[in-house]
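**Q** First the structure, which I've put down as structure tokens, then a few questions once you've had a look.
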Amino acid sequence: LAQVAMCEKQNRPLLSELPEPRPNTLGLEGLKKLMQHCWSHKPKDRPSFQ
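Here it is, written out as structure tokens:
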């Protein structure tokens, strides 16, 4: 879902559209937080990845 929205439609998906965490998707909450930081309008709020 996120790949289609970002790569093909040049659009960010609503995080509410992502599935709820399940036992087999334990890292989903961390991924959501990372996405929010990466998409911040303020560059200083984005992760540096260093």
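At position 26 of the sequence shown the residue is numbered 24 (our numbering), and the sequence of numbers has no breaks.
All C-beta atoms in this analysis are idealised placements derived from N, C-alpha and C, irrespective of residue type, glycine included.
1. What are the start and end residues of the alpha helix (DSSP H) that includes Gly28?
2. In angstroms with no decimal places, state the Cα-to-Cα distance between Ser14 and Phe47.
3. So what does DSSP say about Glu15, is it helix, strand or coil?
4. Identify, in the order they occur along the chain, each residue of the same chain with its Cβ nearer than 7 Å to the Cβ of Trp37, setting aside the five sequence neighbours on each side.
5. Below 6 Å CB to CB, which residues in the same chain sit around Leu26 once its five sequence neighbours on both sides are set aside?
**A** This is what the structure gives:
1. Numbered from 1 along the sequence shown, position 30 holds the residue referred to as residue 28. Its alpha helix (DSSP H) spans residues Leu26 to Cys36.
2. The sequence position of residue 14 within the sequence shown is 16, counting from 1. The sequence position of residue 47 within the sequence shown is 49, counting from 1. In a straight line, the C-alpha of Ser14 is about 25 Å away from that of Phe47.
3. Counting from one through the sequence shown, the residue named residue 15 turns up at place 17. Three-state DSSP puts Glu15 in a helix.
4. Within the sequence shown, numbered from 1, the residue matching residue 37 stands at position 39. Cβ within range, chain order: Arg10.
5. The residue you call residue 26 lines up with position 28 of the sequence shown. Counting only Cβ-Cβ distances below 6 Å, and skipping sequence neighbours, we find Pro19.
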